[in-house]
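Heads up: the sequence lines are chains U and V, in that order. Each step along the first sequence adds one to the number in my numbering, with nothing skipped, and position 478 is 1496. Each step along the second sequence adds one to the number in my numbering, with nothing skipped, and position 58 is 62. Just so you know, even glycine gets a beta-carbon here, dropped at the ideal spot from N, CA and C. Below is one structure, written out as structure tokens, with a few remarks after it.
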Amino acid sequence: MNKHVSLQMNRRAFVIGSATLGAGLAIGLDIPFGGPAVVRAADGSPEIGAWVVVRPDDTVVIRIARSEMGQGSLTGLAQLVAEELECDWTKVTTEYPTPGQSVARKRVWGDFSTGGSRGIRSSQDYVRKGGATARVMLIQAAADAWKVPASECTAANSVITHTPSGRTTTYGKVAEAAAKLTPPADVKLKDPKDWKLIGKGVKRLDTVDKTTGAMVYGIDVKLPGMLNAAIKDCPVFGGKLKSYDEAKVAGMKGVKKVVTVGDTAVAVVADTWWHAKTALEALPITWDEGDNAKVSSESIAKWLAEGLDDAQPAYVGNKNGDAKAAIAGAAKKVEAVYSYPYQNHATMEPMNATALYTADKCEVWCGTQNGEAAFAAVLEASGLPAEKCDVHKVMLGGGFGRRGQTDYVRQAVMIAKQMPGTPIKLLWSREEDMAHGKYHPVTQCKMTGAFDANNNLIALHYRLSGQSILFSLRPEALQNGMDPAAFQGVAQSGEAAFGYSVPNLLIEHAMRNPHVPPGFWRGVNVNHNAIYMECFMDELAQAAGQDPLEFRRKLMGNHPKHLAVLNAVAEKIGWTTPAPQGVYRGIAQVMGYGSYVAGAAEISVVDGSKIKVHRIVASTDPGYVVNPAQVERQVAGSFVYGLSALFYGGCTVKDGKIEQTNFDTYNSMRISEMPKVETVMVPSGGFWGGVGEPTIGVAAPAVLNAYFAATGKRIRSVPLRDQNITFA
Amino acid sequence: MANLTINGKTLTLDVEPDTPLLWAIRENAGLTGTKYGCGIAQCGACTVHIDGVAMRSCGLSVSEAEGKKITTIEGLASGDSLHKVQEAWIAQDVPQCGYCQSGMIMAVAALLNEKPKPTDADIDEAITNICRCGTFQQVREAIHTIASA
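Next up, the structure:
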């Protein structure tokens, strides 16, 4: 028995959480005499495995490691656990473990990273097992109490029934006993056909507070004695802070301190953020902008255009046959050059984090898409070891990939470190947020297609030139210098595979990395690859004198899942029947994040420059749909994000800085501009794909192809505002 | 110092008269449901009611708001009864990240007060808030549900 206890101790390492704001849960350990260890939540209720806490009143607390930023996966993940747990869904609540607690328990909650549309698909297996494990333990505890075999007992809706005798008990009543049992080594998961909760569009678990103003986002965190900081980082990326004249603002109302943040930024700390921001604007600052101040959008475009030249080196991402030779000898050739600009995530809530640093502890409260990365940033910036640091996650006012980065967390700690014992809330102004994004990378693409005498596409050369995200953010993921993610949507195989069969194919990337920091922007490299490929597919269809849908279908015989979603949107939008008078259609498909998606748009165009989008149909095959109501919202929201970028987006560079400063120069779609999105879900089962991002890829090409159908004009660069095209 | 009447209570706040009302509400009155999104009256996240009219509080100074009846998202419910817009938002699961929704709800509540049965064109004209998650479809459907109730 003693040996058993020590094994339990080892497995569930002792952690003390701090019961502070946003802490989510605190964990204690009690070791009954002679019995195994029980891990307890803050309120004393026992854990039944790491994912589930059951309270005496039958409330089930499900631990969620991934972050909720609006995409709904907090609810979806809870559904996955509850499905296997067989608990009463109406009594389910959730909590976030902290990264510090997870690290101290040998990462019992796995990966916290919430990007790449992986929240559900990457954790579905182990969280369902977490639910099943708890169910087995709870049933075993009831069976033990009744002195009957567990095999004679069943569980449903948090009630355990001994079938032969009809006796019943509830999860809350047996939770204490269940927590003392050794978890089963393996559990069997349900066959998807037996799912009752997975696949249902149950309501989100986090809505009420979002309608009353009670939801706490990072910007809303309040701690006793807290001060507020406003920051300005060198507007030229790579530049440095030279000097500032603190005396000019020292006497301003509320100002407590002016601090240098690293070697690139300065922050004003004041009683209120408004005072901090006002003083920061009055603070004379001199920057050492460095050579990057010579860079402009024009100079970047010129450099990228050089990369389109075949003489320049490039990484080959997808290849078969001999595209160059086939093109050289072809009966007919089509060539086009496209481009896609930088984009800012522009989350509604600007970047912020609150840090409290003392000599022996550093805690941060923030919205983050990656709790463990934020935790690592706290360790690094504070210089304290893991057991003295933690990150308390709060709701994100949008993420879209931006909050997977930790620059703002690091800054908050660097400021707090200069004021030990005082909690500091660092909030970026919208202008700072626009100036210091991690931008959607800039690229250009030259495509050449070749036909034989019978108008069959015999070759395609797709030459991408531009920025690599991994080069900047995860250089360890490069493969002999190549960024494999650059080929998202046009890759040979995998979760973002090309959906067409072309006998001679060459897809390559001439990597060019300007100084503007790139990031994972919702949809990431699928966005521009889908625009380039799907708009060019339309150009090829036109050159072949064929219908864009039929032309695609002929190339998709070996890609049945790609074809199925394309067919689904074509059918729903009525592709083969005439559109209403003056209305024109466009279609597009792509694969990304393990899912197959397609979109179709109906638009009308006035004077060649005013677009009215009448209708959007979208189709998605993510393998399994956990919550159709949330999938529908993600698909519709993807069009708002993708079309906002198409019409209004685009960040330009002048003197090494981003020119756009706020929503007046980086606009976003409004309700009047957005039609209803009709979503067709065609989950084919057998795989788990992502939902939050892939659809964005088809938003822009569906509309651009419809614009060509309406006007006969090809648009090959984004945003449309640069060409004086806007919403009607 | 300024006297502001927020959600039926008159508060004496240590705040300069040229401070944007948004920041007086958030930092001085401590009501954080009203959100900062842009500071230039573009996005609508900071929408509150001033004498019943939806206005962007980042573009109003404290001195302009003095003597007016200010209602924030926290004051929209009547006691324990949520406002019909809040109820509809919950029933139809409108919010995604939710950050813009305080402002969205305040804008919709003001619209419905003025036009209880708004057309799509009325909605298009009155609701100009930015939502980066893209909840527009649910917003529109929820407004029509309320109007047809």
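Please classify Trp60(V): is it buried, with 16 or more other beta-carbons within 10 angstroms of its beta-carbon, or exposed? Reading the sequence as shown, one finds Arg at residue 60(V) and not Trp. When all chains shown are included, Arg60(V) counts as buried.
What are the complete alpha helix (DSSP H) segments, minimum 4 residues, inside the segment 74-103 of chain V? 88-95
Taking Gly1094(U) as the reference, give the member of Asp1639(U), Arg1146(U), Ala1663(U) with the closest Cα. Arg1146(U)
Looking at the unbroken beta strand (DSSP E) that takes in Met1609(U), where does it start and where does it end? 1602-1610
Closer than 7 Å, CB to CB, is Gln21(V) near chain U or not? The question names Gln, but residue 21(V) is Pro in the sequence shown. By this cut-off, Pro21(V) is not an interface position.
For Val1460(U), count neighbouring Cβ atoms within 10 angstroms of its own Cβ and tell me buried if that reaches 16, exposed if not. buried
Going along chain V in order, which residues have a C-beta closer than 7 Å to the C-beta of Asn1539(U)? Asn is not the amino acid found at residue 1539(U); the sequence shown has Trp there. Ordered by position in chain V, no residue passes the 7 Å Cβ test against Trp1539(U), which lies about 12 Å from the chain.
Assigned secondary structure, Trp1706(U) (DSSP; H/G/I helix, E/B strand, else coil): coil
Mind checking whether Asp1565(U) and Asn1723(U) have CB atoms under 7 Å apart? no
Where Glu1620(U) falls, given that 16 or more other Cβ within 10 Å makes a residue buried: buried
7 Å Cβ cutoff, Gly12(V) in contact with chain A: No chain A appears in the structure shown, which is made up of the protein chains U and V.
Under the assumption that Gly1389(U) contacts Val1412(U) (Cβ atoms under 8 Å), give the Cβ distance between them as a whole number of angstroms. Not a contact, Cβ separation roughly 11 Å.
Looking at chain V, is there any beta carbon in it that lies within less than 7 Å of the beta carbon of Arg1633(U)? no
Tell me the residue span of the alpha helix (DSSP H) that contains Asn117(V). 105-118
Going by beta-carbon coordinates alone, are Leu1241(U) and Pro1115(U) separated by less than 7 Å? no
Spatial distance of Cys42(V) from Phe1681(U) (CA atoms): 7 Å
Nearest candidate by alpha-carbon position, reference Arg1448(U), set Asp1378(U), Leu1524(U), His1363(U), Gly1419(U): His1363(U)
If you follow the beta strand (DSSP E) that Gly1118(U) is part of, which residue opens it and which one closes it? Taken as a continuous stretch (DSSP letters only), Gly1118(U) belongs to no beta strand (DSSP E), being part of the alpha helix (DSSP H) at 1117-1122.
Assign Gly1133(U) to one of two classes, buried (16 or more other C-beta atoms within 10 Å of its C-beta) or exposed (fewer than that). buried
Got a sec: is the Cβ-Cβ distance from Pro120(V) to anything in chain U below 7 Å? no
Would you say Leu15(V) reaches chain U, if we count a Cβ-Cβ gap shorter than 7 Å as a contact? no
Measuring only the C-alpha atoms, how far is Lys1464(U) from Ala1247(U)? 46 Å
Mind listing the chain U neighbours of Gly41(V)? Cutoff is C-beta to C-beta under 9 Å, in chain order. Met1366, Glu1367, Pro1368, Gly1415, Arg1448, Phe1681
So, is the C-beta of Gln100(V) closer than 7 Å to a C-beta in chain U? yes
Taking the alpha-carbon positions, what's the His1454(U) to Phe1255(U) distance? 8 Å
Would you tell me roughly how many angstroms separate the C-alpha atoms of Ala1618(U) and Ile1605(U), rounded to the nearest one? 4 Å
In chain V, which residues lie with their C-beta within 9 Å of the C-beta of Val1237(U)? It should be pointed out that residue 1237(U) corresponds to Ile in this sequence rather than to Val. The answer, in chain order, is Arg30, Thr36, Lys39, Tyr40, Tyr103.
Taking Glu1264(U) as part of the alpha helix (DSSP H), name the residues at either end of that continuous run. Neither: Glu1264(U) is in no alpha helix (DSSP H) and is coded neither H nor E.
Can a CB atom of chain V be found closer than 7 Å to the CB of Arg1420(U)? no
State the DSSP-derived secondary structure class of Met1551(U), mapped to helix, strand or coil. helix
So, does the CB of Gly56(V) fall closer than 7 Å to a CB anywhere in chain U? no
Inspect the beta-carbon positions of Met1270(U) and Ala1232(U) and report whether they are closer than 7 Å. no
Under 8 Å between beta-carbons, which chain V residues line up against Tyr1114(U)? List them in chain order, please. Chain V residues near Tyr1114(U): none, gap ~16 Å exceeds 8 Å.
Answer with yes or no whether the minimum CB distance from Cys137(V) to chain U is below 7 Å. yes
Going by the beta-carbon positions, is the gap between Arg1084(U) and Ser1091(U) smaller than 7 Å? yes
Could you check whether Met5(V) and Asp18(V) sit closer than 7 Å to each other, using their CB atoms as the reference points? yes
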